[in-house]
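Following: one structure in structure tokens, then a few remarks.
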Amino acid sequence: MPKIIPELRESFVRAAKERLMRDHDLTIRQVAGDCHAAAGTLYNYFPSKEALLFEVMMGDWQDCCAHMRADALGADDPLEAIRRTTAALYGFTSRYAPMWRNYASAKDSMGALHARHHQIIADISAAAGDTLERFSISGDTYLPEILAELILYASRTEDGFDRIAGVLSRILS
Numbered sequence: 000m001p002k003i004i005p006e007l008r009e010s011f012v013r014a015a016k017e018r019l020m021r022d023h024d025l026t027i028r029q030v031a032g033d034c035h036a037a038a039g040t041l042y043n044y045f046p047s048k049e050a051l052l053f054e055v056m057m058g059d060w061q062d063c064c065a066h067m068r069a070d071a072l073g074a075d076d077p078l079e080a081i082r083r084t085t086a087a088l089y090g091f092t093s094r095y096a097p098m099w100r101n102y103a104s105a106k107d108s109m110g111a112l113h114a115r116h117h118q119i120i121a122d123i124s125a126a127a128g129d130t131l132e133r134f135s136i137s138g139d140t141y142l143p144e145i146l147a148e149l150i151l152y153a154s155r156t157e158d159g160f161d162r163i164a165g166v167l168s169r170i171l172s
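What the sequence shown shows, in numbering that gives the first Met the number 0, is residues 0 to 172, in sequence order.
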């Protein structure tokens, strides 16, 4: 069993993130090389490129969730709060556009992300639920989840919120 060093694992994640932000893609060899390690060593920490990408994304996902909730707090009405939530999510999805497109189309290569759809919806739903509560909007028990699915759909494009604003207005009224 190879010795696992937590600092090296974090170095791999940091190097992968830097390469993704700069080049919008990476290979296991590149990331391992950036950390002065062999590709096989990286595989001791991550079983696949997708697992490494997922780890990078999930670190930023937690920040995105915090932004979705915080940004919505400054809104004067529920539609604006949902717009801000969608904008925060779009910032995340655009940063990871190639991988997010795979998620949106349910390709097997990002199965790690797609398998967590329920958790992604739960996180977005928490932000939507905060908005509903703040503006005293009651409705079906599943309303936060329905809003979360709409927000997730809208986050795929920069003008996505505009495409769903009419539906949201009806739902929130």
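Here a beta-carbon is modelled for each residue, glycine too, at the ideal position from N, C-alpha and C. The structure presented is a predicted model; accordingly, all values stated were derived computationally and were not measured.
Within-9 Å CB hit, residue i to chain D
i	result
I150	Within the model displayed, chain D is absent; a lone protein chain is all it includes.
Close-in-space but distant-in-sequence residues of the same chain around residue i (CB under 8 Å, 5 per side omitted)
i	result
L78	A164, L167, S168 and L171
L151	L88, I119, I120 and I123
V30	F11, A14, A15, R18, L41 and L51
Proximity below 9 Å, CB of residue i to CB of residue j
i	j	result
Y95	D59	yes
I27	L7	no
L149	T130	no
A153	M67	no
G128	P143	yes
Anticipated Cβ contact below 8 Å, residue i with residue j, distance rounded
i	j	result
A80	A86	Not quite, the Cβ-Cβ distance comes to about 11 Å (not below 8 Å), so this is no contact.
N43	P5	That pair is no contact at about 12 Å.
R21	T92	So it is not a contact: roughly 19 Å between Cβ atoms.
P97	D33	About 19 Å separates the two Cβ atoms, so there is no contact after all.
Three-state secondary structure (DSSP) of residue i
i	result
C34	coil
F11	helix
D24	coil
T140	coil
Cβ neighbours of residue i in the same chain (closer than 6 Å, five flanking residues each side left out)
i	result
A74	A80 and R83
I3	none
A36	none
D107	Residue placement at D107 is flagged as unreliable, the pLDDT there being 46, under the threshold of 50; a coordinate-derived value is accordingly withheld.
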